[in-house]
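K.L.:
Got a structure for you, written out below as structure tokens; questions coming shortly.
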Amino acid sequence: GNWAATSDAVNASYMIWLELNAKIKPFDNVKVRQAMNLALPQEEIIRTVYYSLADPQKAPMPYIYPMANLEYYRYGYNIEAAKKLLAEAGLTDGFKTTLSYNAGDPTQEPIALLYQTALRQIGVDIQLDKLPAGVFYENVTKRQKPVIFYLDSPWTPDPGYSMFLYFHNKSYVNYSNYNNTNVDRLIESGLETLDDNERKKIYDEVQKIVMDEAPWGFIAYPKYTLARKSNLKGLTYYTSNNLRFQDFTRG
């Protein structure tokens, strides 16, 4: 038989980001949240942690979904711009905080270490808080950590579903405590609208506001990867990121 191996890497609905808790100082200040994004070494993380099997996260929803707009991402690694924003927020000398991560996820500790090093350059002393997987998810849902990782994918490929899930004030999964009544109203309006042209305008506006107010530290879109025998055919990608063995045949 043919034992040669190959691999697939598919653009996926996965997103990994940092919840910047808007109810904990100084992350209640939008300039601080923006500065945290400007000090995030996105490209280095993708190159060294993901071995380029990820893309930069430039929207608040999966980039493969309809109506996702990457044009409102205006960060990129810029230490001087980050320092300027911290100064405008009254934090010229920086501040101390913690970054909680999941010990069960092999990507989060190296990302945390890279980010910790980058933040030192803007005067932010971020202590790393390593949590066992069970305790980690409990802490995510309690919403009491200032900065905590999250990896997720909204299974339904719809902008209204994605935006409500993570950014509506009444959503359980709004773990960053983001609260913008205008965003809530727009999300609801989009969910009530069947006209795709109108929905696109609405969700463009939602994405523009969210990217500007930066309730997340935007990291990456990890690809869906699979190693397989080269004679195994039929890989079908699902936005739930589940592998369905009935799709496969031997070539």
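Numbering (this note's numbering), first residue to last: 1348 to 1598.
Think of the CB as a built atom: it goes at the ideal place given N, C-alpha and C, for glycine as much as any other residue.
Note that the coordinates shown come from a computational prediction; the quantities given were computed from them, not determined experimentally.
Mark PHE1511 as exposed unless 16 or more other C-beta atoms lie within 10 angstroms of its C-beta, in which case mark it buried.
P.N.:
Buried, since its Cβ has 16 or more Cβ neighbours within 10 Å.
K.L.:
So what's ASP1542 in DSSP terms, helix, strand or just coil?
P.N.:
Looking at ASP1542 - three-state DSSP - the assignment turns out to be coil, as it is neither helix nor strand.
K.L.:
In angstroms, rounded to a whole number, what distance separates the CA positions of ASN1358 and ASN1588?
P.N.:
Straight-line Cα distance between these residues: approximately 11 Å.
K.L.:
Helix, strand or coil for PHE1565? Go by DSSP, reduced to three states.
P.N.:
It is a strand residue.
K.L.:
Relative to the alpha-carbon of GLN1389, which residue among THR1488, ASP1542, ASN1425 and ILE1411 has its alpha-carbon at the smallest distance?
P.N.:
That would be ASN1425, whose Cα lies nearest to the Cα of GLN1389.
K.L.:
In three-state terms, what does DSSP make of PHE1595?
P.N.:
Looking at PHE1595 - three-state DSSP - the assignment turns out to be coil, as it is neither helix nor strand.
K.L.:
Take ALA1567 as the anchor and find which of SER1354, MET1362 and ALA1351 has the nearest alpha-carbon.
P.N.:
It is MET1362.
K.L.:
Quick check on DSSP: helix, strand or coil for ARG1490?
P.N.:
The answer is coil: DSSP assigns ARG1490 none of H, G, I, E or B.
K.L.:
Jot down the residue ranges of each uninterrupted alpha helix (DSSP H) in the region 1380-1411, minimum 4 residues, whole runs only, in chain order.
P.N.:
List check, alpha helix (DSSP H) in window: 1389-1395.
K.L.:
Do LEU1400 and LYS1570 come within 8 Å of each other at the CB atom, strictly closer than that value?
P.N.:
Closer than 8 Å, so yes.
K.L.:
Quick one: which unbroken alpha helix (DSSP H) runs of 4-plus residues sit fully inside the region 1444-1509? Chain order, please.
P.N.:
Complete alpha helix (DSSP H) runs here, min 4: 1455-1467 and 1480-1489.
K.L.:
So does LEU1365 have its beta carbon nearer than 7 Å to some heavy atom of the ligand FMN?
P.N.:
The model on display carries no ligand, and the ligand FMN is accordingly not part of it.
K.L.:
Only counting the same chain, and skipping five residues up and downstream in sequence, which positions put a Cβ closer than 7 Å to that of ASP1440?
P.N.:
Excluding positions up to five away in sequence, the list reads GLY1470.
K.L.:
Which value, in whole angstroms, describes the spacing of the CA atoms of PHE1442 and THR1540?
P.N.:
Distance between the alpha carbons of PHE1442 and THR1540 is about 44 Å.
K.L.:
Measure the CB-CB distance between ASP1402 and TYR1410 and report whether it falls below 8 Å.
P.N.:
Yes, they are a contact pair.
K.L.:
Suppose the cutoff is 6 Å on Cβ atoms and the five residues either side in sequence are ignored; what does the same chain contact list for ARG1490 look like?
P.N.:
Cβ neighbours of ARG1490 beyond the five flanking positions: TYR1522 and ASN1524.
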